[in-house]
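In the numbering used here, the protein residues as written are 15 to 185.
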């Protein structure tokens, strides 16, 4: 965290992830950095929505969960907490899932293998009103209802660039 983050109010973050180890790890990680407090770690969307706690500033939301997936949870969460800033937190380094997150109008997408400083920076950026996206997705925010070809071409360009660099997958 930067000094500016430490000097101001605490950023509250909640986590929804079906993996207990991930929840516990994130709870510990977030509660041991100046400027951030994990206000809750939930196993499901329904558990989060049933909570009587005040909504956090930011929600780290897993994608692949039994029952209600992260993507299916977004409209339910936004209906109850319209101002909540959501960051998808996933193992999937998958252009289709990243584009789907953009379509859902969440504030970002970060991989679970991101370093602690990368996670803290993503949280701080989203708190400030910015968005955080993997390389190749951070530029403009197209209206996906009118520009599916643009999104497809952007993903294709990212994949072809990685192949040209001798990689199997984009970074």
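By construction, the Cβ of each residue, glycine as well, lies at the ideal position given by its N, Cα and C atoms.
Residue 174 burial status per 10 Å Cβ neighbour count (16 or more: buried): exposed
Here's the rule: buried if 16 or more other CB atoms are within 10 angstroms of the residue's CB, otherwise exposed. What is residue 20? Unreliable placement is indicated for residue 20, whose pLDDT of 44 sits below 50; the coordinate value is still reported in the next sentence. Result: exposed.
Pairing CB atoms from the region 46–53 with CB atoms from the region 81–94, are three or more of them under 8 Å? The region 46–53 vs the region 81–94: no contact.
Beta carbon of residue 64 nearer than 8 Å to that of residue 75: no
At what residues does the beta strand (DSSP E) containing residue 29 begin and finish? 25–30
Under a Cβ-count criterion, where at least 16 other Cβ atoms within 10 Å of its own Cβ denotes burial, should residue 42 be classed as buried or exposed? Exposed, because fewer than 16 other Cβ atoms sit within 10 Å of the Cβ of residue 42.
C-alpha distance - residue 112 paired with residue 66, whole-angstrom precision: 31 Å
Using the Cβ count rule (16 or more neighbours within 10 Å means buried), how would you classify residue 138? buried
Cβ neighbours of residue 126 in the same chain (closer than 8 Å, five flanking residues each side left out): 36, 103, 104, 105
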